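Each residue of the sequence shown is one higher than the one before, starting from 496 at the first, in my numbering. Even for Gly, the Cβ is constructed at its ideal location relative to N, Cα and C. Every value quoted in this text rests on a predicted model; they were computed, and no experiment measured them. This report concerns only the one structure given below.
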Amino acid sequence: MSNQRRYQEIGRKIELLLLSGEFSPGARLPSERELSEQFGASRAIIREAVIMLELKGLVEVKQGAGIFFLDFSDSNTVLEDAISEIGPFELLQARQLLETNIASFAATQIKANEIKEMRMLLVEQESEINGDSLRFNELDHQFHKMIAESTQNNLLIQMAESMWANVRTNNSLWEALNNQFLHEERLQNLWLSDHKKILMALQRRSPQEAKLVVWQHIEHAKQELFKLANVDEPDFDGYMYTANSVPTLDVSSES
496 MSNQRRYQEI GRKIELLLLS GEFSPGARLP SERELSEQFG ASRAIIREAV
546 IMLELKGLVE VKQGAGIFFL DFSDSNTVLE DAISEIGPFE LLQARQLLET
596 NIASFAATQI KANEIKEMRM LLVEQESEIN GDSLRFNELD HQFHKMIAES
646 TQNNLLIQMA ESMWANVRTN NSLWEALNNQ FLHEERLQNL WLSDHKKILM
696 ALQRRSPQEA KLVVWQHIEH AKQELFKLAN VDEPDFDGYM YTANSVPTLD
746 VSSES
């Protein structure tokens, strides 16, 4: 069984334990070491399982204090069990559908100060090429977040952030791609070049162009992810979502 499936399995077992009533809201859970012994899994697997539960709003990890059960009835999480089963190529298809339209709408709503802030983000991101790779990744996140925020629509902002934070980071292939592009100058430059094209389209307030360049940006991620994927894995979903890809756009007719 892969580590990905293993931590999901352990996460569900811990979740059932929590919902069985054995722990009351606010109660402290056993330590990672104790959970590791209880479920016969490595502490790394336990840690991933706890992160999964944290994203679902079931537990809170307090540094130096431990893992605590939250009152899930008060949770605002929109995650379901099925979300951890979403494959990376399925996610990319969803991103192409959602984020391209978010960018298109953002081009009609974006404010001058937001364009200025995004330009500053890209200047800083460019300075981190071959520098602080974690900071480069965080700036990447901030840039995409600002595109959604410039729509001025809270639901679109939440949907975009949920895809980024709760799904993209919960997948071993995404982790592999992140680890590669964080340290590889070629990919850093590709991501930055894409971001500059997106910003230019937003500055021009061109909905169609913004939609196209975001589509191309996500298509680049798909191509890089394909290189890292094990196409012989039973769970590989790349062919399905590549064959049924979101169609590209023609901006030549835009007025």
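Could you name the residues of the same chain whose beta carbon sits closer than 6 Å to that of residue i, not counting the 5 residues immediately before and after it, in chain order?
i, result
"Thr-572", "Here Thr-572 scores only 43 on pLDDT, less than 50, and its place in the model is too uncertain to base an answer on."
"Phe-638", "Leu-616, His-690"
"Ala-522", "Phe-564"
"Leu-694", "Met-613"
"Glu-543", "Tyr-502"
"Phe-534", "Ile-505"
"Ile-652", "Ala-643, Glu-644"
"Arg-700", "Ala-602"
"Val-708", "Lys-692, Ile-693, Ala-696"
Could you say which of the options lies nearest to residue i if we only look at CA atoms?
i, options, result
"Leu-723", "Met-547, Phe-584, Ala-522, Phe-518", "Phe-584"
"Glu-549", "Glu-679, Ser-688, Ile-509", "Ile-509"
"Met-654", "Ala-589, Leu-530, Leu-616", "Ala-589"
"His-690", "Glu-527, Met-613, Ser-515", "Met-613"
"Gly-559", "Ser-526, Ala-643, Leu-707, Asn-596", "Ser-526"
"Glu-679", "Leu-720, Asn-625, Arg-699, His-712", "Asn-625"
"Gln-647", "Ser-599, Val-545, Gly-535, Leu-524", "Ser-599"
"Leu-682", "Trp-659, Arg-699, Glu-719", "Glu-719"
"Phe-631", "Ile-652, Asn-684, Met-641", "Asn-684"
"Trp-659", "Arg-699, Leu-524, Leu-587, His-715", "Leu-587"
Please work out which residues of its chain come closer than 7 Å, Cβ to Cβ, to residue i, disregarding the five sequence neighbours upstream and downstream, and give them in chain order.
i, result
"Glu-619", "Leu-634"
"Leu-697", "Ala-601, Ala-602, Ile-605, Ile-610, Ala-705"
"Leu-513", "Leu-553, Phe-564"
"Ser-531", "Ser-537, Arg-538, Ile-541"
"Val-545", "Val-554, Val-556, Ile-562"
"His-788", "Nothing can be reported for residue 788, as the shown portion of the chain is limited to 496 through 750."
Use the C-beta contact count for residue i: other C-beta atoms within 10 angstroms, 16 or more gives buried, fewer gives exposed.
i, result
"Asp-627", "exposed"
"Pro-702", "buried"
"Lys-717", "buried"
"Gly-516", "exposed"
"Ala-539", "exposed"
"Ser-622", "exposed"
"Gly-506", "buried"
"Ser-645", "buried"
"Ala-643", "buried"
"Ala-607", "exposed"
"Asp-576", "Low local confidence applies: a pLDDT of 45 at Asp-576 is under 50, so the model's placement there is unreliable, and no value is given."
"Glu-594", "buried"
"Leu-650", "exposed"
"Leu-687", "buried"
"Leu-511", "exposed"
"Ser-570", "For Ser-570, the predicted model reports a pLDDT of 43, less than 50, meaning its position is unreliable and no value from the coordinates is stated."
"Leu-629", "exposed"
Strictly by DSSP, which residues pair up with residue i?
i, result
"Glu-532", "Its beta-bridge partners do not exist; DSSP assigns none."
"Val-556", "Ile-562"
"Arg-523", "Phe-563"
Any beta carbon of chain B sitting closer than 9 Å to that of residue i?
i, result
"Leu-723", "Protein chains in the displayed structure number just one, and chain B is not present."
Beta-carbon within less than 8 Å of residue i's beta-carbon, same chain only, minus the 5 sequence neighbours each way: which residues are those?
i, result
"Asn-487", "The question about residue 487 has no answer here: the residues shown for the chain are numbered 496 through 750."
"Ser-519", "Phe-564"
"Arg-528", "Arg-538"
"His-636", "Trp-659"
"Met-641", "Glu-609, Glu-612, Met-613, Leu-616"
Verify the contact flag: residue i, CB atom, against every heavy atom of the ligand HEM, threshold strictly below 8 Å.
i, result
"Gly-561", "For the structure depicted, the ligand HEM is absent and the ligand set is empty, with no information on it obtainable."
Considering only residues of the stretch 592-657, which uninterrupted alpha helix (DSSP H) runs meet the minimum length of 4 residues and lie entirely inside it, listed in chain order?
607-622, 628-644, 649-657
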